[in-house]
Structure formats: structure tokens, C-alpha cells
Amino acid sequence: MGASELQQTPGLVREPVTMEYARFVAGLNYEALPEAVATVAKDQILATIGSCLAGSRMPGAESLRRGSRILGSGEVATLFGLPEKVPAPAAALYNAGTGQIIEWDDWVLISHTGACVVPIAFASGEACRSSGRDVVTAVVIGNEIAGRTSRAIQRGAYLGNGMPNHQAEASLVAGHLMKLDPIALARSVSHSAYLAMENCFLGWASDSKVLVNGLPAMWGIVSANLAKEGLIGNLDMIEHPAGYLATVSEEVDHAELLKGLGQDWYTLTLNTKRYPSCAYNLAAIESAITLSARLGAQATRRIRKIVIQCPGVTIYVSGRYHGFEPDIRELIRDDRLSHMGLCFDAGYAVAAALVDGKLTYQQFLKERIFDPEIARLHGIVEYRTDPDMQKAYYKDYQYGSRVELHLEDGEVLHEERKQLLGARDRTFDHVEKFMEGAEDVLSYSQACEAAQALRTLEKIQDINEVGALLRPRNG
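Laid out in C-alpha cells, this is it:
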């Protein structure tokens, strides 16, 4: 029995979600995007590539680059921040990995889309010599589908960056740029999602975490190519009761899957992290950076206790890594774990931000992780649940925190942020994030040129022109 017949069988009637997505993807073009949607998508691309450039400075990025050579050779797609080009699947794996390696990503509704969708769109776009307009449209497609699939499985076992939903949009992003027809697009989803990838939370404290987006990104491009060459797949893999979403989630709200598609643009819900860390930590980090400026150089030695007032969810996330036995630093020192666990530890991020006055990729390198003063401050962090912040988080999606510094003379300094910087109701200029990410990778003039090109992608005829700007020039 074919998929279309099954969908019409009494008792098994359901909306043909996969095919509806495929038709949406095949029919969408840049001209159909509201201006605000295109602008947000370009900002997302700019910020995500900034994250990738910063992530390329981490030790794990070099391992990722060398290890992905097994995928073959050929100058097709850019590794952001490196001089070489590689096959598109390898580029997507690497760039998605570096986009995640310090948790400097973003999210649409409850799906962390940018670090997966942008590398797919860019690598596929370079392979297909796509225009900037087509790449922007592909990113919007990824956001719109991931936003809906995340809503559909939000009552299941996974949340946030752990949501195993990227295999639904990954091949569609690539397939849009390959100009696949709806049948081939639907088949690509079948190939992409057949082996459903659920992540093991144990791996969130090691470099394995970069694969949460890297593997779906790589395999999405491969799956689209398999469908292009005629490999037959199911046409209802997303919605079928024996299909993808039912495999990765105990609860699937099918009403969310097509809700407002093409009319209500979920891309507009984009939240972008201004600092590298779990989103629950960002208000505390911003507060700590402000307090560092107030204290002045070397004054952290006066601190005797740090109290972080926050929603309970911040304590839940941070506590898992703050309470490791043996201490997480010892596990990092011995290379049994990497820095990744510290990306979720608000106490570490606050301590590092107080000492260094900033939080960038540098604070997740071993030389800063083992700084004695950062370690001392990390050890005197206490958490308190703030009832008002707890209520604001669940009612208004506010990620607030207050940081209190108890000094040796009895004085108490504090800073508070009701909402994280980068939330859709508290935005910042995404050029800042790109330029910060590019700082130790590209020359200032090249970074400015690249930022301008990314800001005006609708004028780019071949995305390879932009790729060249993201590879360091000799000299």
C-alpha cells in the first residue's frame, strides 16, 4: 500500500505533512518572503558564521577538520575560518560543529536552528552555485520547519538543543538549493530521518556535543543527493505513526506541524545568544561583565561569595555540571571530558566574566579554565531561586538573573537583567557578534568586507563570492 492510499484509509487519515513541506519548499522563493523575515534570516546567517569563526579556534575544531577528511576531497564548500574548501557534506559537518562548540548559537521557538541550518544552506549553496537570495530562502525554510516540528514534540523527552528534530528540515534545506521536485524532496526526508538520531546527554560534557547539529547537517546533504539520483523513500516519514517524530518522541502534536505554514513566519521568533553559553546563563553573564567593569582590575580578590538569583531552570542546568565528582576541571585536565560542560555552568561563566571582563571562546580554553582566580570564584558560587524570575520565565519567556558579589568588607554589589541580551524582545546588532567571532581569524578589513556581503546577501549572484571572504587571505 502506497503512502497516498494509506492516508485515505479509514481510521488512518492524517494530514500529508511531509508532502506539504515538500511542496512548500519547492514553491518558496525570496520574493515571497516578507522583508522582515529576510532581514532576520540575514542577521541569523551573520551571527551564526561569527559563532563558527570563533569556534574554529577551539582545539576540538582541528580534530573535527582532520577527522572529516575521511569524507573525501574536492574544493566545493568553505570551512569557515580556514583556507581550504572540501566536499559539501564535510563542510556542513565542520561548520555545524564549530557553530556549536562553545554553545554560541540561537533558537527559533524551541528549536536551535542556526548552527544546523546555516551550514547546510551555505555548503549546499556553494556546491550549487546558488544566489544569496536562494541561500537566505533556504535558511528560512529550515527555521519554519524546525520551529513546527519542535512545537510538535515539545511534550516529549527532549528540550532545546537536545530536540532530535533536525533530520526533518536538513535535507529540505539542501534540496531547495538543488531545485528538487516535491517527490524528491519528500524522499530526501525519508533518507535523512530513517535512522533517527537521539542524543545521549552524557555526551554534552565532551566534544561529542558538536555532532548534535553536525551529523544531521552532513547527512541531510547526502540524503538530498540520494533522492536526486532516484533512491526511493517514503513520502510520509515525518507524520507516520511508525515514522520519524513518533520514533523520537512519546508525544506528537500533529496540529502544530502545518500550523500557519507560509503565513505565520516562525523565523521572526529568532533569539540569538550574545555570549557563548547556555541561554539560561546569559543574563547572569551580562551582569557579571558589568560588575567586572565596576570592580576594576584585580578587585575580584575582594569577593568572598557570589550569589546568582535566577529561575529554577538555570539552577537545574548549571547544577548538573557544577556538582561533578570528581570535579569537572580534573576530568577536563585529563582529557576525559572537554570544556563543553562548562558552557552550561552559570557559575563558571560568571567567574570567568568577572576575572576577564568578557566571555568569548578564550574563556573556554584550558589556560583560562585553570586560572587560579577563576577557579576560586567558581568555588564560592551559590544559587538561589528567585520566585519572580521563576514566574517570568514560564509566563513571559524571560531569562532573568541577578548576580550579587559579597565583598570582604561586607559591601554587596549586584547587577540584574530581566531578560537575556539577544532575545527577540531585547535585540542587538548581529554585526557585533560576527566581528567578535572573526577577530582572531580574519583581518579587520576582510571581516568588514565579509560582514557587508552577508548583510546584503540579496545582491550576491553566487554564494561562492562570500565563501571566499570567509577564508583567511594569505598575508
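So the sequence shown is residues 1 to 475, counted in full-length UniProt numbering.
Each residue gets a CB set at the ideal place from its N, CA and C atoms; glycine is no exception.
Since the structure is predicted, the reported quantities are computational estimates derived from the model, not experimental observations.
- Note on geometry: alpha-carbon atoms of residue 360 and residue 421 lie some 15 Å from one another.
- Contact between residue 186 and residue 293 is ruled out by a C-beta separation of about 54 Å, above the 8 Å threshold.
- With the rule of 3 Cβ pairs closer than 8 Å, the segment 433 to 442 counts as touching the segment 54 to 70.
- As far as DSSP is concerned, residue 149 takes part in no beta bridge.
- In the displayed model, residue 265 falls within coil according to three-state DSSP, outside both helix and strand.
- C-alpha of residue 307 to C-alpha of residue 428: approximately 27 Å in a straight line.
- Remark: C-beta atoms of residue 166 and residue 116 approach each other more closely than 7 Å.
- In this structure, the beta-carbon distance from residue 64 to residue 97 falls below 7 Å.
- Counting C-beta pairs closer than 8 Å gives three or more between the segment 273 to 287 and the segment 337 to 357, which meets the contact rule.
- When the Cα atoms are used, residue 445 and residue 432 turn out to be separated by approximately 15 Å.
- In the structure shown, residue 298 falls within a coil segment according to DSSP collapsed to helix, strand and coil.
- Following the DSSP letters along the chain, one finds residue 62 in no beta strand (DSSP E) but inside the alpha helix (DSSP H) bounded by residues 59 to 67.
- Contact fails between the segment 192 to 209 and the segment 77 to 90, because fewer than three Cβ pairs, one in each stretch, are under 8 Å apart.
- Your pair residue 374 and residue 352 checks out as a contact, with CB atoms roughly 5 Å apart and the cut at 8 Å.
- Per DSSP, the beta-bridge partners of residue 85 are 78.
- Scanning 366, 356, 300 for the CA closest to the CA of residue 330 turns up 366.
- The segment 299 to 315 and the segment 165 to 182 do not touch, with fewer than three beta-carbon pairs separated by less than 8 Å.
- As computed with DSSP, residue 310 is found in a beta bridge with 385.
- With a beta-carbon spacing of about 20 Å, residue 266 and residue 134 fall beyond the 8 Å limit used to define contacts.
- For residue 80, the number of other beta carbons within 10 angstroms of its own is at least 16, and it is reported as buried.
- A straight line joining the alpha-carbon of residue 95 with that of residue 246 spans about 29 Å.
- Within the DSSP secondary-structure output, residue 56 pairs in no beta bridge.
- Shown here, residue 470 sits in coil according to DSSP, grouped into three states, outside any helix or strand.
- In the three-state reduction of the DSSP assignment, residue 331 falls in the helix class.
- Here residue 215 has 93, 197 as same chain residues with Cβ atoms under 8 Å from its own Cβ, once five neighbours each way along the sequence are excluded.
- In this chain, the beta strand (DSSP E) harbouring residue 401 covers 401 to 407.
- Secondary structure note for residue 412: its beta strand (DSSP E) is the uninterrupted segment 412 to 417.
- Taken atom to atom, the span from the alpha-carbon of residue 471 to that of residue 207 is near 24 Å.
- The C-alpha of residue 145 lies about 26 Å from the C-alpha of residue 461.
- For the pair residue 178 and residue 121, the CB atoms are not nearer than the 7 Å cut-off.
- Per DSSP, reduced to three states, the secondary structure at residue 199 is coil, with no helix or strand assignment.
- Short of 8 Å from the beta carbon of residue 26, and not among the five residues preceding or following it, lie these beta carbons of its own chain, in chain order: 176, 180, 181, 182, 185.
- The C-alpha of residue 322 is placed about 16 Å away from the C-alpha of residue 310.
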